[in-house]
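Note sheet for the following structure.
Number of protein chains: 2
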Amino acid sequence: MMELTRKGEYAIRGIVYLAGKPMDKVYLLSDIAAAVDVPPTFLAKIFQQFSKMGLVKSFRGTGGGFMLGRAPENITLLEVVEAVEGPIVPNRCVVNPSECNRSGYCNVHPVWAQVQGKVRGVLEGVTLKELAAGA
Amino acid sequence: MMELTRKGEYAIRGIVYLAGKPMDKVYLLSDIAAAVDVPPTFLAKIFQQFSKMGLVKSFRGTGGGFMLGRAPENITLLEVVEAVEGPIVPNRCVVNPSECNRSGYCNVHPVWAQVQGKVRGVLEGVTLKELAAGA
DNA sequence: CCCTAAAAAGACTTTATATATCTTTTTAGG
DNA sequence: CCTAAAAAGATATATAAAGTCTTTTTAGGG
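Residue numbers (this note's numbering), protein chains in the order written: chain L, 1 to 135; chain V, 136 to 270.
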């Protein structure tokens, strides 16, 4: 339960790889994919999402590729995970309390809210810089 | 991400319902299912799993049904969730570190371990008695 | 201007998992 | 031995994850 998908796993690998490289250079998607052992077409989709959120910058055409959008110490693991997996929601009732119960309220609700808070807290406390260190 | 499945949701509803009832009586699966608005055949599967883990006791034949296996203050939400969803594992590498990386170790690993610990901690701190209170 | 390299976008396929349902079997009471 | 109920197993359907393919856009270099 609560398992990260491949997509999330790949996303982390890919961006952590970038975070461990000099920031002002551009890297080919195909090279990143090979380095972190992820299907290139799949990683392409992931990096497109990153690009939309500003986590990476993309450059098209000859000499193109990707670079980190911000300094690695300013990107948290939470952002990376939520960029590709969507928000962390242990139960849909956390988003939409009407899903909670026919009766409108249930005692489990606050538990899920607490779970959500803890998980987000942990992931928010980790930066790409830390993750890339010594890699 | 990290979303409880329907199965988990139904499981909680079903067993919390039982927890809110006098403990020494037997309840028909069909009645429980109707009360908590869950497909009866599906709830049957869930309660079979509960039964194997001792969370509920089952009685077959005429006059049969289900009752809580232990006092509700001695059953945690963690047990309920893990009974039907399996262990809480934010990333498979937490279970099997060889999945972690080609290189054997990665910096993300301890983060997932921490997430796992926090989530389990929250769920372990909640009992069925609390969840059933005032329901 | 054209050719080539690269990412973006979208459609599509395949596989796995979640969500059920149905049928048959076992168990127990009356 | 008849009926009520859960157990077990097989099967069906739907949704989402995982991955691929094709076409389009963008940019640089001759």
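Just so it is clear, CB atoms sit at the ideal spot from N, CA and C, and this is done for glycine as well.
Query, Result
"How many angstroms separate the CA atom of residue 134(L) from the CA atom of residue 15(L)?", "15 angstroms"
"Which same chain residues, not among the five before or five after residue 46(L), have their C-beta less than 7 angstroms away from its C-beta?", "7, 10, 11, 14 and 84"
"For residue 36(L), count neighbouring C-beta atoms within 10 Å of its own C-beta (all shown protein chains included) and say buried if the count is 16 or more, exposed if not.", "buried"
"Would residue 133(L) pass as an interface residue toward chain V - the criterion being a Cβ-Cβ separation below 9 angstroms?", "yes"
"State buried or exposed for residue 169(V), treating a residue as buried only when at least 16 other CB atoms are found within 10 Å of its CB.", "exposed"
"Applying a beta-carbon distance threshold of less than 7 angstroms, which residues of chain L neighbour residue 221(V)?", "1"
"Between residue 227(V) and chain L, is the shortest Cβ-Cβ distance under 9 angstroms, so that the two count as touching?", "yes"
"Can you pull the DSSP bridge partners for residue 62(L)?", "Bridge partners of residue 62(L): none, in fact."
"Thinking just about the alpha-carbon of each residue, which of 258(V), 225(V) and 205(V) is nearest to the one in residue 122(L)?", "225(V)"
"Residues of chain V with CB closer than 7 angstroms to the CB of residue 126(L), please, in chain order.", "246"
"Identify whether residue 21(L) lies in helix, strand or coil by the three-state DSSP scheme.", "coil"
"Which same chain residues, not among the five before or five after residue 141(L), have their C-beta less than 8 angstroms away from its C-beta?", "This structure leaves residue 141(L) out entirely; chain L is present only between 1 and 135."
"At least one CB of chain V closer than 9 angstroms to the CB of residue 81(L): is that the case?", "yes"
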